[in-house]
Amino acid sequence: MADLAARHARVADDVERRVLAVLRSGRYIGGPVVTEAERRLATLFGYAHGVGVNSGTDALIYALMAMGIQPGDEVIVPAVTFFATAEAVGRIGAIPVVADVRDDLPLLDPGTLPLTARTRAVIAVHLFGEPCPLPALPVPVLDDVAQAAGASPPARTGSVGAASFYPTKTLGAAGDGGIVLADDPAIADAARKLASHGMPAPYVHDRVNGHFGANSRLDAMQAAVLLGHLADLDARLARRRAIAAAYDAGLPEDVRPLPRGPGHPVHHYVVRTPGRDALAAALAAAEIETAVYYRRPLSSEPALAGGHPAGAVPNAVRYCAEALALPVHECLTDGDVDRVLDTIRRAHSRTRAE
Ligand SMILES: Cc1ncc(COP(=O)(O)O)c(C=O)c1O
């Protein structure tokens, strides 16, 4: 599903030169490399300001805090997403309220949002890079763009965003990293202070009124790695889109790819099929890795199950039983892609014959 050593080889000269320059500069926390990365990454995601933090999870946490979300507030999250989306809400003492997804895509269904008088925000997860549009809402929207680097135009519904640079992301660091995204400089400033002991800049002692901060910064080494990888992003996206088009054209009829728009960054290529587990087993037998994003709705996670009646998210339940992500990354060859397709076609004709 990923080959990070092969990916590094694509950008090795630039990344290693940049990392060495940081090592020799002595500027490891903050400094010009971090500032440049924050500026360029904010632009990539379509925001005016970016605040580098330690991970995508922390980006969600500090974005929610900077938006003023308080303990006990309800925040709506989609039933199909990585656990961290809801975890960030729970981590600050707020209540993640799980909502069902659309029947065509695992994105929040605007028709069934469980808005109440206590709802203070909605997290729109742009899963796999597919934009999650929502109508005008009475509460602010936080964009979880952890999987949406390179979406064109940027996947953006709300006024604040959070991205992850976990190494396997299309734009990944060589370790953990994330960024809080905002147009409002006051939100960006609040997030910067919260993620750095209340300090607006390294070594500048100040506090955010009424909050404990923490230590969660994107360090200069990871910022240098990300700047090196940014130069390869367009080529990565082009290759991922070409592989996705080859899959679209070559898959048997009842293995259906999720619909996607032309600017989709193909962070994951996901198909739906009623015979998902048999197909995954056939691919595994041919030593082809696949993944299920995600195996069960968030509402059935033990940490979240309280207050979420079973069966309340029927579209998510159906999606989780049928979805399978096929390998799609820039280091796959045409031969790799053909082998995936051949294996799927063979498994499929075997099943039909039985
Ligand atoms: C949708 C989504 N949200 C949040 C995160 C959390 O990001 P991180 O792993 O950098 O903390 C991820 C990363 O896997 C993700 O895919």
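One point on numbering: in the working numbering, the residue at position 107 of the sequence shown is 114, and numbering is uninterrupted.
Built from N, CA and C at the ideal position, the CB exists for glycine as well.
{"Query": "Buried or exposed (CB count within 10 angstroms, at least 16 for buried), Phe-219", "Result": "exposed"}
{"Query": "Proximity to Leu-265 [Cα-Cα], best of Thr-164, Leu-134, Leu-339 and Ala-189", "Result": "Leu-134"}
{"Query": "According to DSSP, residues forming a beta bridge with Pro-103", "Result": "Val-82"}
{"Query": "Pairwise C-alpha distance: Ala-253 and Asp-150", "Result": "30 angstroms"}
{"Query": "Beta-carbon proximity check, Leu-114 vs Ala-106, cutoff 8 angstroms", "Result": "no"}
{"Query": "Identified DSSP bridge partners for Asn-222", "Result": "Ser-203"}
{"Query": "Cβ-Cβ distance between Ala-86 and Leu-67 below 8 angstroms", "Result": "no"}
{"Query": "When Val-22, Glu-296, Tyr-326 and Tyr-300 are compared against Pro-281, the one with the closest alpha-carbon", "Result": "Tyr-326"}
{"Query": "Per DSSP, cross-strand counterpart(s) of Thr-177", "Result": "Paired residues: none, contrary to the question."}
{"Query": "Check: Ser-62 C-beta below 7 angstroms from any heavy atom of ligand 1", "Result": "yes"}
{"Query": "Helix, strand or coil at Val-167 [DSSP, three-state]", "Result": "strand"}
{"Query": "Beta-carbon separation (whole angstroms), Gly-157 vs Pro-272, contact threshold 8 angstroms", "Result": "4 angstroms"}
{"Query": "Whole runs of the alpha helix (DSSP H) within the region 15-103, excluding any shorter than 4 residues", "Result": "39-51, 63-73 and 91-98"}
{"Query": "Ranges of the alpha helix (DSSP H) found wholly within the region 289-327, counting only runs of at least 4", "Result": "none"}
{"Query": "Ile-194 burial status per 10 Å Cβ neighbour count (16 or more: buried)", "Result": "buried"}
{"Query": "Ligand 1 heavy atom lying under 7 angstroms from the CB of Leu-331", "Result": "no"}
{"Query": "Test: Ala-28 CB closer than 8 angstroms to a CB of chain D", "Result": "Any reference to chain D falls outside this structure, which holds one protein chain only."}
{"Query": "Boundaries (first-last residue) of the alpha helix (DSSP H) holding Arg-246", "Result": "240-257"}
{"Query": "Own chain partners of Gly-38 with C-beta closer than 7 angstroms, once the 5 adjacent residues on each side are dropped", "Result": "Ala-227"}
{"Query": "Leu-67 beta carbon near ligand 1 (any heavy atom closer than 7 angstroms)", "Result": "yes"}
{"Query": "Simplified DSSP assignment, three categories, for Leu-237", "Result": "helix"}
{"Query": "Opening and closing residue of the beta strand (DSSP E) in which Tyr-276 lies", "Result": "276-279"}
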